[in-house]
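Participant: Residue numbering for the sequence shown follows full-length UniProt numbering, starting at 1 and increasing by one per position.
For each residue, glycine too, the CB sits at the ideal point set by N, CA and C.
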Amino acid sequence: MTTSLHGKVALLTGASSGIGLATCEALVAEGVHIVAVARSNDKLMNLAESAPGSVTPIAADVSDSQTAESIVAETVQRLGGLDIVLPNAGIYVGGDITESTPEQIESLVSTNVTGVMTLVRAALRHLLPQGSGDIIVTSSVSGHQDIEWEPVYSASKHAVQSFVHTTRRQTAESGVRIGAIAPGVVLNPLWGFAHGSPEEAERIEARTGIRSSDVADAILYMLTRPAHVTIRDLVLLPTGQPI
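1) Are the segment 146-166 and the segment 193-206 in contact at 8 Å, needing three or more beta carbon pairs?
2) Does the distance between the C-beta of G31 and the nearest non-hydrogen atom of the ligand SAH fall short of 7 Å?
3) Taking one C-beta from the segment 39-53 and one from the segment 101-114 each time, how about it: are there three or more such pairs within less than 8 Å?
4) Any idea which residues DSSP pairs T239 with across the strands?
5) Identify every residue that forms a DSSP beta bridge with A36.
6) Taking 8 Å as the threshold, find out whether the segment 190-199 comes into contact with the segment 139-157 through three or more Cβ pairs.
7) Would you call S4 buried or exposed, if buried means 16 or more other Cβ atoms sit within 10 Å of its Cβ?
8) Please look up how many angstroms separate the CB atoms of G133 and D83, rounded, as I've assumed it's under 8 Å.
9) In angstroms, rounded to a whole number, what distance separates the CA positions of A216 and E25?
10) My guess is that I97 and P57 are in contact by the Cβ rule of under 8 Å, so how many angstroms apart are they, rounded?
11) In three-state terms, what does DSSP make of I147?
12) Tell me, please, whether the CB atom of Y92 is closer than 8 Å to any CB atom in chain B?
13) Taking the C-alpha atoms as reference points, what is the distance between H6 and I147?
14) Considering only their Cβ atoms, is the gap separating I136 from L108 smaller than 8 Å?
15) Would you mind listing the alpha helix (DSSP H) stretches within the segment 93-123 that are 4+ residues and don't spill past its ends, in chain order?
16) Taking the alpha carbon of A10 as the reference point, which residue from R39, V113, L127 has its own alpha carbon closest?
17) Out of A180, G209, D233, T166, point me to the one whose CA is closest to L86's CA.
18) Below 8 Å between beta carbons: does that hold for A89 and T111?
19) Looking only at C-alpha atoms, which of L21, M117, L12, V93 sits nearest to S212?
20) Could you give the residue range of the alpha helix (DSSP H) that holds P198?
21) If you count every other CB in all the chains shown that lies within 10 Å of the CB of G209, and 16 or more means buried, which is it?
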């Protein structure tokens, strides 16, 4: 048995590309109205034009700690409610820690950690009183294992995992479901792969990467479980990723 998403309102960050864009498209197909948040106003406008009446664009930077309150308030004001929150925006810093600048570290933590925490906090202040809603945070397999070639990124995703688990336990009896989706190698622009490119096709054939749409399908699965079921963590890997 699945739960219909038709008519629900979702707030999605990092909506203009990769997992965010694929998830937006998948939710629109299910009849969800999306408040799409990203830094690029041009990309958001293109997204809104591709789904007339189904996407409300808001250009904002989630690394700004004031953003969360404003986008939740604007969502509720403009659309009359909020049912689904998808803190998806994230950036990447890899390589040896000695090669990462303080500015890179601060920017990543502000986006990947603070941006998630402040959005979930702001959303819960609306969802808890209504006694329902779904929050699915985009994490990573790097939050389940210590990945030595990306210590800053991996640490940020470990923080996200801890935050999801502890917040879920705080709110477990509220009717609000909280979980995390944790992909492995996703062949999207963050990693230099264009959708439909020969490079993407080669990695799919070799089973060493997955598409953003595969992650979006998994998010839909999590959202459509019956109300008495919560998927706390869903780790999604390419078949050939030995991790």
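Facilitator: Once the coordinates are examined:
1) No, the segment 146-166 is not in contact with the segment 193-206.
2) This structure does not include the ligand SAH; it has no bound ligands of any sort.
3) The segment 39-53 vs the segment 101-114: no contact.
4) The residue given as residue 239 occupies position 239 in the sequence shown. Answer by DSSP bridge pairing: none, since T239 is not bridged.
5) One-based indexing of the sequence shown puts residue 36 at position 36. L12, P57.
6) No, the segment 190-199 does not touch the segment 139-157.
7) Residue 4 sits at position 4 when you count from the first residue of the sequence shown. S4 is exposed by the Cβ-count criterion.
8) The residue you call residue 133 lines up with position 133 of the sequence shown. The residue you call residue 83 lines up with position 83 of the sequence shown. Between G133 and D83 the beta-carbon gap is near 6 Å, inside 8 Å, which marks them as a contact.
9) Taking the sequence shown and counting its residues from 1, the one referred to as residue 216 is at position 216. Taking the sequence shown and counting its residues from 1, the one referred to as residue 25 is at position 25. Going by the C-alpha atoms only, they are around 9 Å apart.
10) For the purposes of this step, residue 97 is taken as the residue at position 97 of the sequence shown. For the purposes of this step, residue 57 is taken as the residue at position 57 of the sequence shown. I97 to P57, Cβ: 37 Å. No contact.
11) Mapped onto the sequence shown, residue 147 falls at position 147. Of the three classes helix, strand and coil, the one that applies to I147 here is coil, per DSSP.
12) Reference to chain B is not applicable here, since this structure consists of a single protein chain.
13) Within the sequence shown, numbered from 1, the residue matching residue 6 stands at position 6. Within the sequence shown, numbered from 1, the residue matching residue 147 stands at position 147. In this structure, the CA atom of H6 is about 39 Å from the CA atom of I147.
14) Here the question's residue 108 lines up with position 108 in the sequence shown. Here the question's residue 136 lines up with position 136 in the sequence shown. Not closer than 8 Å, so no.
15) The segment 93-123 contains these whole alpha helix (DSSP H) runs: 102-109.
16) Translated into positions along the sequence shown, residue 10 becomes position 10. Nearest of R39, V113, L127 to A10, Cα basis: L127.
17) The count along the sequence shown starts at 1 and reaches residue 86 at position 86. Of the listed residues, the one whose Cα sits closest to L86 is A180.
18) In the sequence shown, counting from the first residue as 1, residue 89 sits at position 89. In the sequence shown, counting from the first residue as 1, residue 111 sits at position 111. Cβ distance < 8 Å, so A89 and T111 count as in contact.
19) What you label residue 212 is simply residue 212 of the sequence shown in a count that begins at 1. Among L21, M117, L12, V93, the Cα nearest to that of S212 belongs to L21.
20) Here residue 198 refers to the residue found at position 198 when the sequence shown is read from its first residue. Residues 198-206.
21) For the purposes of this step, residue 209 is taken as the residue at position 209 of the sequence shown. The residue is buried, with at least 16 neighbouring Cβ atoms inside 10 Å.
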